[in-house]
Every structure is written in C-alpha cells, then in structure tokens.
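*Asks:*
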Amino acid sequence: MEIVARLRTGFAAERLLCHPRLPLIAGWEPDRPALRIWECGDGQLHELAMIGDDTVPYGREYGSDRLSRTPDAAWHPEKPQLVVAGTDILLSWTPAGTAAVTTEQPTIGFRQVAFSPDGRTLWLSPAPHWEHDWQRSIALDPATGATVVAPGWNTGVAVHPAGGLVVTMTSDQAETEVYFATMTDGTPARMRPLRRALSLACDGYETPVFSADGRYFAIRGGAYEHFVEVFAFPSLHRVAGFGLGEPYPDPGNTWSFRNITFGAAPAVLWIGTPAGRLIEYDVDGGRLDEHPPVTSQITALATTSAGVLAVASTDGDLLLLAVGTGPARAARDGVAAFLDATGPVAPRSDEDEDDRFDFVESPQAPWIHLTPGAAPGRS
Numbered sequence: 476m477e478i479v480a481r482l483r484t485g486f487a488a489e490r491l492l493c494h495p496r497l498p499l500i501a502g503w504e505p506d507r508p509a510l511r512i513w514e515c516g517d518g519q520l521h522e523l524a525m526i527g528d529d530t531v532p533y534g535r536e537y538g539s540d541r542l543s544r545t546p547d548a549a550w551h552p553e554k555p556q557l558v559v560a561g562t563d564i565l566l567s568w569t570p571a572g573t574a575a576v577t578t579e580q581p582t583i584g585f586r587q588v589a590f591s592p593d594g595r596t597l598w599l600s601p602a603p604h605w606e607h608d609w610q611r612s613i614a615l616d617p618a619t620g621a622t623v624v625a626p627g628w629n630t631g632v633a634v635h636p637a638g639g640l641v642v643t644m645t646s647d648q649a650e651t652e653v654y655f656a657t658m659t660d661g662t663p664a665r666m667r668p669l670r671r672a673l674s675l676a677c678d679g680y681e682t683p684v685f686s687a688d689g690r691y692f693a694i695r696g697g698a699y700e701h702f703v704e705v706f707a708f709p710s711l712h713r714v715a716g717f718g719l720g721e722p723y724p725d726p727g728n729t730w731s732f733r734n735i736t737f738g739a740a741p742a743v744l745w746i747g748t749p750a751g752r753l754i755e756y757d758v759d760g761g762r763l764d765e766h767p768p769v770t771s772q773i774t775a776l777a778t779t780s781a782g783v784l785a786v787a788s789t790d791g792d793l794l795l796l797a798v799g800t801g802p803a804r805a806a807r808d809g810v811a812a813f814l815d816a817t818g819p820v821a822p823r824s825d826e827d828e829d830d831r832f833d834f835v836e837s838p839q840a841p842w843i844h845l846t847p848g849a850a851p852g853r854s
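Residue 476 is where the sequence shown starts when you use the working numbering, and the numbers rise one by one after that.
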C-alpha cells in the first residue's frame, strides 16, 4: 500500500464520489450543503471548484431537516460534468462553470440524482406533487428539459460495470426492496424494473457498490445497525456479512456510512475504520487483512477511475492510495444470465400492494464482527 498523493482539505469529507472514467473526485463538506471538486491525475490532487460556497451551515435549528438539506450529485458517465440536486437547486458543473439545469418540473425537493448509463437522461427522485412522492421519480432530458414520470426509487443508482443493468432501492421503515432495472428506449429513458429482487430489513442503506468485474456487489447499512452485506451476481446469494464495531452495533456511531468500496483488483472489498485502518476482504478467498493506520478516523472511501483508493479522514486530509492491480474486465455474461432469468414487472398502480418482485432466498452466511486491531469474530 503506497500513498500516491495527499491534499490538506481542512475538513473531513463525509462522502467521496469518483468519476467512472476521468480523474475527478467530488467531496461533500460535513458542516454545510457544499461540495468540492478535485482533479486527481498524474499522482497529484488539486481543487478545481466549489459548489455551495454561500450556503447556510447545518445547525441544530434545522433538526431533522439536516438530511433533506444534504445535496446529492452524479457524474456523467463519459463527460467532465457533475449534476447536483438539493432542496431548491438543480445545477450542472463543467470545467466551463456552473449553470442551472433546464427542466419542465420544479427543481425544488429532489433528494436523489443519477445519470442513465448512456448519459442522455437524468433520473431524479422523488417526483414532486405525488401524495406518496417516493413512489414516483422523474426522468429528465437535460438537452430539452422534457420530463416523464418514472418508477420510484430512493437510495441511489449503481450501474453494473458491464453496462445494461442498474440497481437501486425503494425503502420504508420496515423493509427495503433492492431491485434491478434496464432502460426504456428514447430520451428521456425510464428505468424498467425486473422481477428478481432482494428484500432487506428496515431502511437506512447506502447505494450498492459493484466489484470491478461485476461478480459481486456490497451494501452498507442500516438504520439501526452498522453492517456490510456482500452478494454474488447474478445469483443474488449473500456470501458475506460484516458487523462493524464491538460490541455490536457500535454504540459510539463512529463508523462512517460511506466507508466501503471495491478496489481495482477483482473481488477485493475495502472497509475504512474509525481507527484509520483499512480492512481488505478477498471475497473469492474469504480472506481478511487489516492494514496499519494510514490516517485518522476514515470518514469516506471511494475508488478512482485509475483504480486507486481515495480516502478522507477527520484530520482534514484527502489521500490517494495505490493498493492493487489495474481495473478488471467486467463480466458481461453475468448481466446476460440475469436478464435471461427474469422479466420486467407489471406497471404499478397507486392502489397496488407492492408484490411485483420475486425475492431471492439465499442461505444466511455467517456474520463476521470487525473491530480494528482485534481478531474477527464469527457468529
């Protein structure tokens, strides 16, 4: 493990988002709804832009509104473009500057944003003006501002590395449905949910992350417990579960919820810890390795387009770490097998009890409890 670059940012980024193809990183400030954008090419880190430099800091007076004021963002899959959605903004940043995104819909109230895999459509959630607004989303053509109502989702959108498939979630307090989707033709394109899905207890999950070869994905949760679950793709069988903190769940709430990423090497999951250590999990071999501290408490973790780890910490540093081989080739046969084994769901009406999905049942893998500096415990 080698530190490639270090930048003193002066704040503990609570989330990092790397461009899938270009040497660009977006980072969320922890105390106000603002983002920084950094370039990370050629072993260097330098700031390119700030979005939200005139925003009001989060404070106690906002109470539960803290979550609603935190912006979401998405990188265009090919271009150097970041779209930011917040309580009252929908902005697009490019190296030429920042501008409002044109849309027929009001730009107030969007909590989630994602680009379609081809980059021609923006997916925004929740849809405004619906009685149960999380049940619907908006598909937007950014070139024209045209919009259509689309299926609901509320927990990020992850694209399979081979393309042709996305995964997202709908959740309430009791249950979260993890579903997979293709795209409709035309622009704006809507998600077309497929019938095979996963059911998770409670809510409070982060966007799934895929391994570089697309054979596994991991989900960080949840509302009441700190854990990570790893699933095989396309079978959707759970192959590993990690409880974070000891005693479990961590009573100090010190584990970041943005602390997992798959690295460039196939099937290697990285977990950042409150002790500044990185835990390396080889999914294929079932092997766990803990590395010496590289920094203070890790607050965010991501993988850049070059396959190095981007690490944010409470000491206000942003690190780039070289940890393995170059990016693996994505397995397209996994997507083909998944599509062959399922079909699209029927359109949902507001009166439906949502029984659209065929939930995959899989044996429960043993839980492994992780505490930095201590031997993993199994249960």
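By construction, the Cβ of each residue, glycine as well, lies at the ideal position given by its N, Cα and C atoms.
For clarity, every value in this text was computed on a predicted model and none was experimentally measured.
Beta carbon of P749, beta carbon of D688: below 7 angstroms?
*Replies:* For the purposes of this step, residue 749 is taken as the residue at position 274 of the sequence shown. For the purposes of this step, residue 688 is taken as the residue at position 213 of the sequence shown. Not closer than 7 angstroms, so no.
*Asks:* Apply the 10 Å Cβ neighbour rule to L510 and answer buried if 16 or more other Cβ atoms are within range, or exposed otherwise.
*Replies:* As a working note, residue 510 is residue 35 in the sequence shown. Note on L510: 16 or more other CB atoms within 10 angstroms of its CB, so buried under the neighbour-count rule.
*Asks:* Find out if the Cβ-Cβ distance for the pair L520, L482 is shorter than 7 angstroms.
*Replies:* Taking the first residue of the sequence shown as 1, we reach residue 520 at position 45. Taking the first residue of the sequence shown as 1, we reach residue 482 at position 7. In contact: L520 and L482 (Cβ atoms closer than 7 angstroms).
*Asks:* Output needed for Q556: all residues of its chain with C-beta closer than 8 angstroms, excluding positions within five of it in sequence on either side, in chain order.
*Replies:* The residue you call residue 556 lines up with position 81 of the sequence shown. Taken in chain order, the residues that qualify are W550, S567, W568, T569.
*Asks:* Leaving out five residues on either side along the sequence, give the residues of the same chain with a beta carbon under 8 angstroms from the beta carbon of E836.
*Replies:* Taking the sequence shown and counting its residues from 1, the one referred to as residue 836 is at position 361. Same-chain partners within the cutoff: there are none.
*Asks:* Give, in chain order, every unbroken run of the alpha helix (DSSP H) that is at least 4 residues long and sits entirely within the region 516-549.
*Replies:* Secondary structure in the region 516-549: the alpha helix (DSSP H) runs of 4 residues or longer, each lying completely within the stretch, are 540-544 in chain order.
*Asks:* Helix, strand or coil for E826 per DSSP?
*Replies:* Residue 826 sits at position 351 when you count from the first residue of the sequence shown. Reliability fails at E826, whose pLDDT of 49 lies under 50, so the model's placement of it is uncertain and the value that follows must be treated cautiously. Of the three classes helix, strand and coil, the one that applies to E826 here is coil, per DSSP.
*Asks:* What would DSSP say about V786, mapped onto helix, strand or coil?
*Replies:* Here residue 786 refers to the residue found at position 311 of the sequence shown. Strand, per DSSP.
*Asks:* If I follow the unbroken beta strand (DSSP E) through L615, where does it start and stop?
*Replies:* Here residue 615 refers to the residue found at position 140 of the sequence shown. Per DSSP, L615 belongs to the beta strand (DSSP E) from 611-615.
*Asks:* Name the DSSP bridge partner or partners of E650?
*Replies:* Here residue 650 refers to the residue found at position 175 when the sequence shown is read from its first residue. Per DSSP, A676.
*Asks:* Please classify E650 as buried or exposed, where buried requires at least 16 neighbouring CB atoms within 10 angstroms.
*Replies:* On the sequence shown, position 175 is the one that residue 650 refers to. Exposed, by the Cβ-count rule.
*Asks:* Could you check if Q880 is buried or exposed, using at least 16 other CB atoms within 10 Å of its CB as the buried criterion?
*Replies:* Absent from the model: residue 880. The displayed extent of the chain is 476 to 854, so no value can be given.
*Asks:* Can you tell me whether P636 is buried or exposed? The criterion is at least 16 other CB atoms within 10 Å of its CB, across all chains shown.
*Replies:* Looking up residue 636 in the sequence shown gives position 161. Looking at its Cβ environment, which holds 16 or more other Cβ atoms inside 10 Å, P636 is buried.
*Asks:* In the region 707-765, which residue ranges form an unbroken beta strand (DSSP E) of at least 3 residues, counting only runs that do not cross its ends?
*Replies:* 713-719, 735-737, 743-747, 753-757, 762-765
*Asks:* Per DSSP, what kind of secondary structure is V588 in: helix, strand or coil?
*Replies:* Counted from its first residue, the sequence shown places residue 588 at position 113. Note: V588 maps to strand in three-state DSSP.
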